[in-house]
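Undergrad: Below is a structure I'd like to ask you about.
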Amino acid sequence: MREGRYILLTTALLSLLMIASCSGEKRQAKIRASRADSLMYAMGEAHGYERVLALADSLEQAGDLSEVSANRWRGVAYFYQGMNRTSEFYYKKAVGAVIKGETDALNYNKSARRLANILVKKGDYEGALRVAMNALDIMRENGTGTDTDIAILEDAVGCCQLHLGRAELAARNFDKAYKLLLDMAAADTTGRRAHLAFEDLCNITNEYLSAQRYQEALAWISRAEELLQHYEPTYTKEPQLLKDSKAKITILHAIDLQNSGDTKEAARLYQEDAST
2 MREGRYILLT TALLSLLMIA SCSGEKRQAK IRASRADSLM YAMGEAHGYE RVLALADSLE
62 QAGDLSEVSA NRWRGVAYFY QGMNRTSEFY YKKAVGAVIK GETDALNYNK SARRLANILV
122 KKGDYEGALR VAMNALDIMR ENGTGTDTDI AILEDAVGCC QLHLGRAELA ARNFDKAYKL
182 LLDMAAADTT GRRAHLAFED LCNITNEYLS AQRYQEALAW ISRAEELLQH YEPTYTKEPQ
242 LLKDSKAKIT ILHAIDLQNS GDTKEAARLY QEDAST
């Protein structure tokens, strides 16, 4: 009887030790992955893209970078070296890999939004729409998407819908992105999010201009102008950025007026921009 109890106790202790050991290994692996990702981020910030590629290979082989993370960083490195086709290839690999934790989810989100924008810019609207819609669904399921992630993806969906002839759906997605960006700007005292929102409104305007929908473009120019005026005090340390932003509004107005038939007023705005 005692021997049976001894065996049971020994088995239980061994099981606890194995659980603790596995838990410790998982914790250490998570720490290594986090440090590896931080190292990659630092290399990216320093524009050491050849180093990023070398590290992605070595850290993935060592098991410190997952398939999602390693391919995301390869995508980053090639993107900033202007090698868009290769960048697209690796972003697709990152988006297609299995997500195995928080770090993977973060890198998946960033990969999906970059890939969607790459595909939008090359005119692959069906492909971009699939990537963006799938990413939004995954973010809703795992609850990892930030407001920035969601806004960028909603924006990408809007661009796709617009160029695929679905103007009403596009307007809804652009409005979702706009509201998220406004909330982000209001919660940020640095003004950086406000400028991000401003740039996004200008991008939406450009999409409407390229789709020859000049009335809608004018509405988004007005939104961008109002946002810039509201957050103008936050540009005090960056006067040139404020000047460039105002010039961008002037040019967008001029393009819209020219295409709407008001060539005289468009010429005046072009001249105004040239004089500054």
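So that you can map any letter, position 170 of the sequence shown is 171 in my numbering, and since no number is skipped, the others follow by simple counting. For glycine and all other residues, C-beta sits at the position ideal for the given N, C-alpha and C.
(1) With 16 as the cutoff for other CB atoms within 10 Å, does residue 242 come out buried or exposed?
(2) Count the CB pairs spanning the stretch 224-234 and the stretch 199-212 that are closer than 8 Å, and state whether there are at least three.
(3) Determine the direct distance from the alpha carbon of residue 118 to that of residue 161, and round the result to whole angstroms.
(4) Can you tell which of 264, 192, 255, 197 has the C-alpha that lies nearest to the C-alpha of residue 233?
(5) Take residue 80 and list the residues in its own chain whose beta-carbon comes closer than 6 Å to its own, dropping the five residues that flank it on each side.
(6) Between the Cα of residue 250 and those of 91, 207, 133, spot the shortest distance and give me the residue it belongs to.
(7) When the distance is taken between beta carbons, is residue 178 closer than 8 Å to residue 212?
(8) If you draw a straight line from the C-alpha of residue 104 to the C-alpha of residue 48, how long is it?
(9) Could you give the distance in angstroms between the alpha-carbon of residue 29 and the alpha-carbon of residue 64?
(10) So, at 7 Å on beta carbons, what are the nonlocal neighbours of residue 256 in its own chain, with the 5 sequence-adjacent residues on each side left out?
(11) Nearest by alpha-carbon distance to residue 137: which of 121, 45, 205, 174 is it?
(12) Three-state secondary structure (DSSP) at residue 270?
(13) Please check the pair residue 54 and residue 40, which I expect to be a contact at CB under 8 Å, by giving their CB distance rounded to whole angstroms.
(14) With a cut-off of 8 Å on the beta carbons, I'd call residue 113 and residue 132 a contact; round off their distance for me.
(15) By the three-class DSSP mapping on this structure, what secondary structure does residue 55 have?
TA: This is what the structure gives:
(1) exposed
(2) yes
(3) 10 Å
(4) 192
(5) 88
(6) 207
(7) no
(8) 22 Å
(9) Legend: pLDDT at residue 29 = 43, less than 50; position of this residue unreliable, no value from coordinates given.
(10) 210
(11) 174
(12) helix
(13) Going by Cβ atoms, the distance from residue 54 to residue 40 rounds to 13 Å, so no, they are not a contact pair.
(14) Contact flag correct, Cβ pair sits at about 6 Å.
(15) helix
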